[in-house]
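In my numbering, the protein residues as written are 1 to 223.
Heads up, the beta-carbon is just placed ideally off N, CA and C, and yes, glycines get one too.
This structure is a prediction, so every number in the text was calculated from the model and none was measured.
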């Protein structure tokens, strides 16, 4: 984004500005909380009430996430992961909410690793967090500024919790946010739809197919 483009936004606003295609050298993909502690065979077996979430991760989020991560890497975008992971072995550094909710993955634990299907490349950035808000409780914004990122594409879990918080907080901090609808999941279809309805004013919403087509078109335009 050029300063002149921002200055040209009229006082009454221009919501079409939020729909701008990403600039590949100023964009990053954020993969939220797709980690082994949240998705593994024993957990799936142990929590049958969460079958919708697990099925959507397996059937929708993982295959679309694989395509999206590949396309972003091919386009030259940064791929950044965040996982729930404490700075300590006993979790004493967690937020009060995470302590109350029983959300815990020890420093360096298996549970804090990204799932194998979407594993980071050797030089990808993985940021541990101990609260729902990635922007509030980590140096993620600082990292994005250092990378020159202005556009953040978001996928992961849960749509109506950590994903939603990242979208809202990123928008408030001056990033243009894109949510990839079919690369996110939560505990029911209705919760997913209601979350998107609630925070769609803070971001663009795209499908995996549409976002990949956009990256390819932008890439062709830069040749």
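Under the 10 Å beta carbon count, residue 192 is surrounded by 16 or more other beta carbons and is classified as buried.
Boundaries for residue 9: no beta strand (DSSP E) harbours it, and the DSSP string shows neither H nor E there.
Taking 8 Å as the cut-off, the Cβ atoms of residue 151 and residue 26 count as close.
DSSP places residue 35 in the strand class (E or B) of the three-state scheme. The DSSP assignment places 51 to 56, 62 to 74, 96 to 101 as complete runs of the alpha helix (DSSP H) inside the stretch 51 to 105, in order along the chain (cut-off: 4 residues). Remark: C-beta atoms of residue 64 and residue 208 approach each other more closely than 8 Å.
Beta-bridge pairing by DSSP links residue 184 to 156.
Looking at the backbone, the Cα of residue 12 and that of residue 135 are separated by about 28 Å. Taking the Cα positions, residue 80 is about 14 Å away from residue 71. The three-state reading of DSSP puts residue 167 in helix, counting H, G and I together.
At the C-beta level, residue 114 and residue 215 stay beyond 8 Å of one another.
DSSP places residue 22 in no alpha helix (DSSP H); its state is neither H nor E.
Measuring C-alpha to C-alpha distances from residue 164 to each of 146, 173, 133, 104 identifies 133 as the nearest.
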